[in-house]
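Novice: Throughout, this note's numbering is defined as the position within the sequence shown, counted from one, plus 283.
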Amino acid sequence: MPYDRALADRIRALLDDQPDLTEKAMFGGLAFLVGGAMAVAAGSQGDVMVRVDPAESDGLVADGGAHRMVMRGREMDGWLRVPAAHLDDAALERWVRRGVARASSLRST
């Protein structure tokens with residue numbers, strides 16, 4: 284199933300001032316990369332995959348609304364999935380900014 288184009292447009296609008304931004308089809312969605320590192324991705328059912336600091340994963344999941352990404356039966360530290368039901372405009376902006384901050388921190392100096 285293709286990614287949610289309306290969600291991708293919402294993410295793109297939040298990132299319009301972001302330097303070194305690229306888009307790439309990944310994981311069945313559309314990923315937004317900052318400096319070559321994935322920050323967020325629009326999923327096929329209105330959900331967002333967000334890259335976060337692995338040390339913050341437990342707290343963010345405990346706060347509600349986000350779940351750890353599971354790939355091949357394994358939970359992935361530092362990768363969260365946020366369902367569409369938890370993505371009003373303010374929440375989406377917070378998650379996108381968090382993903383950009385993490386991706387930016389991974390840039391090589």
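Using N, Cα and C, we set each Cβ at its ideal position, and we do this for glycine too. Only a predicted model underlies this, so the values are computations on that prediction, with no experimental measurement involved.
Any contact of the stretch 317 to 333 with the stretch 364 to 374, i.e. 3+ C-beta pairs under 8 Å?
Specialist: Contact between the stretch 317 to 333 and the stretch 364 to 374 is present, because at least three Cβ pairs lie under 8 Å.
Novice: Going by DSSP, name the residue or residues bridged to Phe315.
Specialist: One-based indexing of the sequence shown puts residue 315 at position 32. Partner(s): Glu306 and Val323.
Novice: What does DSSP give as the partner residues of His350 in its beta bridges?
Specialist: In the sequence shown, counting from the first residue as 1, residue 350 sits at position 67. According to DSSP, which records beta bridges pairwise, His350 is partnered with Arg364.
Novice: What does the alpha-carbon distance come out to for the pair Ala338 and Ala289?
Specialist: Within the sequence shown, the letter at position 55 stands for residue 338. Within the sequence shown, the letter at position 6 stands for residue 289. In a straight line, the C-alpha of Ala338 is about 31 Å away from that of Ala289.
Novice: Is it true that the stretch 296 to 306 meets the stretch 336 to 352, where meeting means three or more beta-carbon pairs spaced less than 8 Å apart?
Specialist: In short, these stretches do not touch, since the Cβ pair count stays below three.
Novice: Helix, strand or coil for Val335 per DSSP?
Specialist: Residue 335 sits at position 52 when you count from the first residue of the sequence shown. Reduced to three states, the DSSP call for Val335 is coil.
Novice: Residue range of the alpha helix (DSSP H) that Leu375 falls in?
Specialist: Residue 375 sits at position 92 when you count from the first residue of the sequence shown. Asp372 to Ser388 is the span of the alpha helix (DSSP H), which, as asked, contains Leu375.
Novice: Taking Pro285 as the reference, which of Ser340, Gly319 and Gly326 has the closest Cα?
Specialist: Stepping through the sequence shown from its first residue, residue 285 is reached at position 2. For Pro285, the nearest C-alpha among the options comes from Gly326.
Novice: Do you know offhand how far Asp371's Cα is from Glu306's?
Specialist: Indexing the sequence shown from 1 puts residue 371 at position 88. Indexing the sequence shown from 1 puts residue 306 at position 23. Each residue's alpha carbon lies about 22 Å from the other.
Novice: Locate the alpha helix (DSSP H) running through Gly329, then write down its first and last residues.
Specialist: Locating residue 329 in the sequence shown gives position 46, counting from the first residue. That residue, Gly329, is in no alpha helix (DSSP H); it is neither H nor E in DSSP.
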